[in-house]
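Line order of the protein sequences matches chains A and B.
Be aware that the first sequence starts at 43, since it is given in our numbering, and climbs by one per residue.
Be aware that the second sequence starts at 43, since it is given in our numbering, and climbs by one per residue.
Beta carbons are placed, not taken as given, at the ideal position from N, Cα and C, and that holds for glycine.
Worksheet: the structure to be examined is printed underneath.
2 protein chains.
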Amino acid sequence: MSGLGLRRVPSLSRREHVAEILREAITSGRLKPGDRLVELDLAAELGTSRAPVREALRQLEQEGLIASYPYRGSEVLGVSQDEVEQVLVPIRITLERFAFGKALEKLTDADLDALQGLVDDMLVAAGAGEAERLADLDIRFHELVITRSEQRHCLQMWKTIQPRVRAYFRRDAPAHADPADVARQHQELLDVLRAGDLDVVLDAVERHIHIHLTPPGAGDDVG
Amino acid sequence: MSGLGLRRVPSLSRREHVAEILREAITSGRLKPGDRLVELDLAAELGTSRAPVREALRQLEQEGLIASYPYRGSEVLGVSQDEVEQVLVPIRITLERFAFGKALEKLTDADLDALQGLVDDMLVAAGAGEAERLADLDIRFHELVITRSEQRHCLQMWKTIQPRVRAYFRRDAPAHADPADVARQHQELLDVLRAGDLDVVLDAVERHIHIHLTPPGAGDDVG
DNA sequence: CGACGGCCGATTGTCGACAGTCGCTCATAT
DNA sequence: ATATGAGCGACTGTCGACAATCGGCCGTCG
Numbered sequence: 043m044s045g046l047g048l049r050r051v052p053s054l055s056r057r058e059h060v061a062e063i064l065r066e067a068i069t070s071g072r073l074k075p076g077d078r079l080v081e082l083d084l085a086a087e088l089g090t091s092r093a094p095v096r097e098a099l100r101q102l103e104q105e106g107l108i109a110s111y112p113y114r115g116s117e118v119l120g121v122s123q124d125e126v127e128q129v130l131v132p133i134r135i136t137l138e139r140f141a142f143g144k145a146l147e148k149l150t151d152a153d154l155d156a157l158q159g160l161v162d163d164m165l166v167a168a169g170a171g172e173a174e175r176l177a178d179l180d181i182r183f184h185e186l187v188i189t190r191s192e193q194r195h196c197l198q199m200w201k202t203i204q205p206r207v208r209a210y211f212r213r214d215a216p217a218h219a220d221p222a223d224v225a226r227q228h229q230e231l232l233d234v235l236r237a238g239d240l241d242v243v244l245d246a247v248e249r250h251i252h253i254h255l256t257p258p259g260a261g262d263d264v265g
Numbered sequence: 043m044s045g046l047g048l049r050r051v052p053s054l055s056r057r058e059h060v061a062e063i064l065r066e067a068i069t070s071g072r073l074k075p076g077d078r079l080v081e082l083d084l085a086a087e088l089g090t091s092r093a094p095v096r097e098a099l100r101q102l103e104q105e106g107l108i109a110s111y112p113y114r115g116s117e118v119l120g121v122s123q124d125e126v127e128q129v130l131v132p133i134r135i136t137l138e139r140f141a142f143g144k145a146l147e148k149l150t151d152a153d154l155d156a157l158q159g160l161v162d163d164m165l166v167a168a169g170a171g172e173a174e175r176l177a178d179l180d181i182r183f184h185e186l187v188i189t190r191s192e193q194r195h196c197l198q199m200w201k202t203i204q205p206r207v208r209a210y211f212r213r214d215a216p217a218h219a220d221p222a223d224v225a226r227q228h229q230e231l232l233d234v235l236r237a238g239d240l241d242v243v244l245d246a247v248e249r250h251i252h253i254h255l256t257p258p259g260a261g262d263d264v265g
């Protein structure tokens, strides 16, 4: 009962809690590629038994953040630039084109207001130089739209891909885009959603995600 | 003891065993969308405890074959045509383009011979009208190449996507392509791999996978 | 007669203990 | 010195039991 604290479990199962904590530890870089993950140690540190820890580890393995070998434990994995550029980003484009298209008809005024709120917060975060908060808002923007698409699998796959993308940009990729630009781009995306033209939306989504890798030093933050 | 180069007899863990059985039951249609999966029943039926069953269920959940709700159990899911055409197949194309490209330089003569063997078997299976066997060979062909790409995540994601694609074509999609055509197409793919021109390979992969959904009655079998 | 609220069975979430496997160390033999 | 292999820890894989939660049943009350 120290370090990474786990207190109550109101609505989040211990398994999800553990997964969340480890995901954060890995994507932030506090746990580095090659680090070993010992179930009993994690369980003790998080104040649970091994069962939830094991299930969380399996989840992270599915997400590609760690690898585990029978009877020999788990270790944190790195993410290669090749994989991000040629696999993860194209998959994200596929998923989000589909999801944004499905969501277009379903977004309520309240949803659009919520998205606008996120973009406004992005501007604040950008101004204050709060990169982490900016990245969180970025993720929440996309996740909200995908959720509204009501495509269960799509959201699930997105959540599976996302942590690895974020781990890359947060940990392995040095350069980042101009924070103000991130906010501006999401404003554009939101404006296009408001306009409601499907083809325009799909195109905007593709360019928005693609832009992560285009220019010189490669990506900005996630999203 | 026996010859050299003996292969490990992994005697896969109970968890993998359970996952395999359930995956087969679901993709074959023996378990239908909406069917409930009770951990204790499955454990009893498979002669294990609930722990491996739970981990297997989580895996199937990640693969999108089932959904589970806290304290309320799991149920088998269906796969929509929209999702297959707009999400799963494009993702497969992304994954396989990447993997085939990476594998191109690494395929040995032995690998190419093995692939030719699979194609030959496809012809036999097609002639004998053994659709299941044909689909298995199809999967093994693709999986072998992706394995040779040595892209761990890529193979893993492919294995995650694949069962749902197969479930769709095996269970939800009525029409199938001409079996002989499946064999012929893989022969073409193999010939292109032998030729070794990257751009030609990438293009062939894309067309090969895409062809599942193009023409008249939609898809053939998987792969 | 219908709404409310507590009981009950069914099933999942979690735990602690035991068994199996792996890699390493170190004595032993060559 | 090198190779061999038994022994030893350190973990993971699996199990059976217990606790928590959900949904429906049923009696009660308005």
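Original post:
Taking Pro112(B) as the reference, which of Thr69(A), Asp241(A), Glu58(A) has the closest Cα?
Top reply: Of the candidates Thr69(A), Asp241(A), Glu58(A), Glu58(A) places its Cα closest to the Cα of Pro112(B).
**OP:** Measure the C-alpha to C-alpha separation of Val80(A) and Glu87(A) and round it to an integer number of angstroms.
**Re:** Whole-angstrom Cα-Cα distance: 11 angstroms.
Subject >> Contact list for His195(B) against chain A, beta-carbon separation under 7 angstroms >> reply: Close partners of His195(B) in chain A (Cβ separation under 7 angstroms): Gly106, Glu125.
Subject >> Proximity winner among Ala109(B), His195(B), Leu146(B), relative to Lys74(B) (alpha-carbon distances) >> reply: For the residues Ala109(B), His195(B), Leu146(B), the minimum Cα distance to Lys74(B) belongs to Ala109(B).
**OP:** Look at the alpha carbon of Leu107(A) and the alpha carbon of Met199(A), and state the distance between them as a whole number of angstroms.
**Re:** Each residue's Cα considered, the two are about 14 angstroms apart.
Original post:
In the structure shown, what three-state DSSP assignment does Ser70(A) receive?
Top reply: Ser70(A) falls in the helix class under three-state DSSP.
**OP:** Assign Tyr113(A) to one of three DSSP states: helix, strand, or coil.
**Re:** Look at Tyr113(A) here: in three-state DSSP terms it is coil, with no helix or strand label.
Original post:
Looking only at C-alpha atoms, which of Lys201(B), Glu174(B), Ala173(B), Arg175(B) sits nearest to Leu186(B)?
Top reply: Taking only the C-alpha atoms, the option nearest Leu186(B) is Lys201(B).
**OP:** At 7 angstroms on the CB atoms, spell out the chain A contacts of Ile133(B), in chain order.
**Re:** Taking the beta carbon of Ile133(B) as reference, the chain A residues within 7 angstroms of it are Ile133, Thr136, listed in sequence order.
Original post:
Just the Cα atoms here: how many angstroms apart are Glu125(A) and Leu64(A)?
Top reply: Rounded to the nearest angstrom, the two C-alpha atoms are 22 angstroms apart.
**OP:** Would you decide whether Thr136(A) is buried or exposed? Buried here means 16 or more other CB atoms lie within 10 Å of its CB.
**Re:** Taking every protein chain shown into account, the CB of Thr136(A) has 16 or more other CB atoms within 10 angstroms, so this residue is buried.
Original post:
Is it the case that the Cβ atoms of Arg100(B) and Arg100(A) are separated by a distance below 8 angstroms?
Top reply: Result yes, Cβ atoms of Arg100(B) and Arg100(A) sit closer than 8 angstroms.
Subject >> Residue range of the alpha helix (DSSP H) that includes Ala215(B) >> reply: DSSP places Ala215(B) in no alpha helix (DSSP H); its state is neither H nor E.
Original post:
When burial is assigned at 16 or more other CB atoms within 10 Å of the CB, is Ser53(B) buried or exposed?
Top reply: The residue is exposed, with fewer than 16 neighbouring Cβ atoms inside 10 Å.
Original post:
In terms of residues, what are the limits of the alpha helix (DSSP H) holding Glu192(B)?
Top reply: Going by DSSP, Glu192(B) is part of no alpha helix (DSSP H) at all; its letter is neither H nor E.
**OP:** Check each candidate in Gly238(B), Glu66(B), Gly159(B), Ser55(B) and name the one with the smallest Cα separation from Arg213(B).
**Re:** Arg213(B) has its Cα closest to that of Glu66(B), out of Gly238(B), Glu66(B), Gly159(B), Ser55(B).
**OP:** Using a Cβ-Cβ cut-off of less than 8 angstroms, give me the residues of the region 172 to 203 of chain A that come near chain B, in sequence order.
**Re:** If you check each beta-carbon in the region 172 to 203 of chain A against every beta-carbon of chain B, the ones closer than 8 angstroms belong to Gln193, Arg194, His195, Cys196, Gln198, Met199, Thr202.
Original post:
Do you know how far the Cα of Asp223(A) is from the Cα of Arg182(B)?
Top reply: One alpha carbon belongs to Arg182(B), the other to Asp223(A), and they sit about 46 angstroms apart.
Subject >> Under 9 angstroms (Cβ pairs) to chain B, residues found in the region 85 to 97 of chain A >> reply: Listed by position, the residues of the region 85 to 97 of chain A near chain B (Cβ gap below 9 angstroms) are Ala93, Arg96, Glu97.
Original post:
If you run the structure through DSSP and keep just helix, strand and coil, what is Leu79(A)?
Top reply: Strand, per DSSP.
**OP:** On the DSSP bridge assignment, give the partners of Ile108(A) in chain order.
**Re:** Paired residues: Val118(A).
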